[in-house]
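Enquirer: Take this structure first; my questions come after.
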Amino acid sequence: MNPYRVLAAVAADWGRFGPYLRSVTGDAADTTGAGDASGAPAAPASVLRSLRSLRSMERHAPGRAAAADETARSVLALLPPAEAERLVAGHPGRLAGTLESGMLEDGTPASETYAGFTAADLAFLLLDDNPMVGPLLGPVRERLLSYPMLDDWAAEAHARTPGLIRLRGESGARGVDRIPSFQFGDAATPWPVVVTVNGLLDAARDPWGAADWWLSANGYLGVAPAELLGGGSGQDGQLVGTARYVVEGE
0 MNPYRVLAAV AADWGRFGPY LRSVTGDAAD TTGAGDASGA PAAPASVLRS LRSLRSMERH
60 APGRAAAADE TARSVLALLP PAEAERLVAG HPGRLAGTLE SGMLEDGTPA SETYAGFTAA
120 DLAFLLLDDN PMVGPLLGPV RERLLSYPML DDWAAEAHAR TPGLIRLRGE SGARGVDRIP
180 SFQFGDAATP WPVVVTVNGL LDAARDPWGA ADWWLSANGY LGVAPAELLG GGSGQDGQLV
240 GTARYVVEGE
């Protein structure tokens, strides 16, 4: 099988496969063991470990293909046998790439993709609960990450500051989440209206959606909401009202 394409195909059909793989998160991630004598699937924790290992490897790192193979087999073991067999049959050859050729814009070989998804997208979905993946939402994630972020030291200092957008799964060099810097009037203090609006947008649950709201042009406001920060109480009221309308539809 082509393990990269198998993992990408699981990401592409997350609505169907996700429920089977959700067991590898939460408390299941702390379990250990490698299955019983009857050949039961490896413990879910092994899927997390192998997926983290694969994600940490550079594209041409020695052993990457073996890590992809191990990860794919661990994922397949958690799926119903018929689904696993279909995935393997649909993606033969380690790097066959029979349906696609060339490179994606980010340099990923197309032989490692399926329908515009990659193995990295499965890592975002499973390890980070990050829905910004695939050919449509992946570019949105990249656009949002192109905006200024707090440096790693400042992000670490604000690791416990409530009410902020934290882009999980996009950690900096110090291993802390990326925090968009538009949220701050200075490096130390977030805008109070940002904390209020982030609460309305439920940024703790959907940080990428909240970041997209702040940084995308808004038809009602005429500009991206982040551009109105620091404009005084009148504009703060507009921001709160517009966010409340999005949430409540009133």
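Taking numbering that gives the first Met the number 0, the leading residue of the sequence shown gets 0, the next gets one more, and so forth. All C-beta atoms in this analysis are idealised placements derived from N, C-alpha and C, irrespective of residue type, glycine included.
Mind checking G236: buried by the 16 CB within 10 Å criterion, or exposed?
Expert: By the 10 Å Cβ count, G236 comes out exposed.
Enquirer: Assuming Y19 and L77 form a contact by the criterion Cβ under 8 Å, report the distance between their Cβ atoms to the nearest whole angstrom.
Expert: Their Cβ separation, rounded to whole angstroms, is 5 Å, which keeps Y19 and L77 in contact under 8 Å.
Enquirer: Kindly say whether L53, judged by its beta-carbon, lies nearer than 8 Å to any beta-carbon of chain C.
Expert: Among the chains of the structure shown, chain C does not appear; only one protein chain is present.
Enquirer: Which word fits T117, buried or exposed, when buried means at least 16 other C-beta atoms lie within 10 angstroms of its C-beta?
Expert: By the neighbour-count rule (16 or more Cβ atoms within 10 Å), T117 is buried.
Enquirer: Compare the C-alpha of P43 against each of T160, L125, V132, W152 and name the closest.
Expert: Comparing Cα-Cα distances from P43 to each of T160, L125, V132, W152, the minimum goes to L125.
Enquirer: For A209 versus I178, is the C-beta distance shorter than 8 Å?
Expert: It is not a contact, given that the beta carbons lie outside the stated cut-off.
Enquirer: Label W152 either buried or exposed according to how many other C-beta atoms from any shown protein chain fall within 10 Å of its C-beta, with 16 as the threshold for buried.
Expert: Under this definition W152 is an exposed residue.
Enquirer: Counting along the chain, where does the alpha helix (DSSP H) carrying V132 start and finish?
Expert: From DSSP, V132 is part of no alpha helix (DSSP H); its letter is neither H nor E.
Enquirer: Apply the 10 Å Cβ neighbour rule to H59 and answer buried if 16 or more other Cβ atoms are within range, or exposed otherwise.
Expert: H59 is exposed by the Cβ-count criterion.
Enquirer: For F116, which residues does DSSP report across the bridge?
Expert: According to DSSP, F116 bridges with Y113.
Enquirer: Mapping the DSSP letters down to three states, classify P79 as helix, strand or coil.
Expert: Here P79 sits in coil by DSSP.
Enquirer: Do A158 and L200 have their beta-carbon atoms positioned less than 8 Å apart in this structure?
Expert: No.
Enquirer: Just confirm the distance between the C-beta atoms of Y219 and E111, as a whole number of angstroms; I'd bet it's less than 8 Å.
Expert: Their Cβ separation, rounded to whole angstroms, is 41 Å, which puts Y219 and E111 out of contact at 8 Å.
Enquirer: With DSSP run on the structure shown, which of helix, strand or coil describes P18?
Expert: Here P18 sits in helix by DSSP.
Enquirer: Looking at the unbroken alpha helix (DSSP H) that takes in R54, where does it start and where does it end?
Expert: Start and end: 43-55.
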